[in-house]
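Below is one structure, written out as C-alpha cells; comments come after it.
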Amino acid sequence: MRSYNDDLDKIHVPRFEEKAGFYTSPKRSWNMARIRGKNSKPELILRKALWAKNIRFRLHDKSLPGTPDIVIKKYKLAIFVDGEFWHGFDWKNNRDRIKSNRLFWIPKIERNMQKDVRANLALRELEYTVFRFWTQDIIKKLPIVINQIELFIESRKFWK
Numbered sequence: 085m086r087s088y089n090d091d092l093d094k095i096h097v098p099r100f101e102e103k104a105g106f107y108t109s110p111k112r113s114w115n116m117a118r119i120r121g122k123n124s125k126p127e128l129i130l131r132k133a134l135w136a137k138n139i140r141f142r143l144h145d146k147s148l149p150g151t152p153d154i155v156i157k158k159y160k161l162a163i164f165v166d167g168e169f170w171h172g173f174d175w176k177n178n179r180d181r182i183k184s185n186r187l188f189w190i191p192k193i194e195r196n197m198q199k200d201v202r203a204n205l206a207l208r209e210l211e212y213t214v215f216r217f218w219t220q221d222i223i224k225k226l227p228i229v230i231n232q233i234e235l236f237i238e239s240r241k242f243w244k
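In C-alpha cells, the structure reads:
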C-alpha cells in the first residue's frame, strides 16, 4: 500500500513575521484572527440542511486523513467545505490577484491545495468517497449540494 505522502514534495511556507519581511496592519491582523477553521457559517448551513433531511453525520473526525468537516461513516462519505481563498478557487486566474505578502500567501495556499490532494488520496485508499464543496456553492446552490449528497447516499443504499 502506498503512502499518500509519497507523490508530492512538501511546499515550504515561510513564517509570517516582520523579521521575515512580512507586515500586516493591526486591523487586518484582527480580521484574520477571527477566520474560523471549523464551524464556519457555510459549514453550519450545510449541516443544518443535512440534519433537516434526516441525514446523520459526525463532525471533524480526526481519525481520518484531512479531518473532514462532515463524515457519514455508514456510507463512507467524507465532506469538506473549502473556502475559496484558503483552498485556491480558480487558482490559475486568482493567483495574480494577491498583491500583498505574496511570498507568504502563494506558498501557503498552494500548500493547502497540496494537503487537499493528499487527504483525498488517503481517504480513497480507505475506500471513502470525497466531496469537496466551495463555500460559495453552499451559500448560492445549497439545494444542488444537498441533492448531490442525497443521490450518493441513495446509490449506496441500492448497492448494499
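Numbered per the working numbering, the sequence shown spans residues 85 to 244. Ideal Cβ placement from N, Cα and C applies to all residues, glycine included. None of the values given here were measured: they were computed from a predicted structure.
Using the Cα positions of residue i and residue j, report the straight-line distance between them to the nearest angstrom.
i	j	result
I237	F217	17 Å
K241	I190	42 Å
H96	N138	42 Å
R186	D174	17 Å
K94	D180	22 Å
G172	K192	10 Å
Assign residue i to one of two classes, buried (16 or more other C-beta atoms within 10 Å of its C-beta) or exposed (fewer than that).
i	result
F188	buried
D166	buried
A136	exposed
A117	exposed
May I ask you to report which of helix, strand or coil DSSP gives residue i?
i	result
R120	coil
R142	strand
T219	helix
Taking 7 Å as the limit between beta carbons, can you name the residues of its chain near residue i, skipping five residues before and five after?
i	result
Q220	E168
I182	W189, I190
- [ ] Evaluate the contact criterion for the stretch 128-137 versus the stretch 217-228: three or more CB pairs, one atom per stretch, below 8 Å.
- [x] Touching, yes, given that three or more Cβ pairs across the two stretches are closer than 8 Å.
Task: contact_flag[the stretch 194-204, the stretch 145-160] where n(CB pairs < 8 Å) is 3 or more - done: Verdict: yes, contact present.
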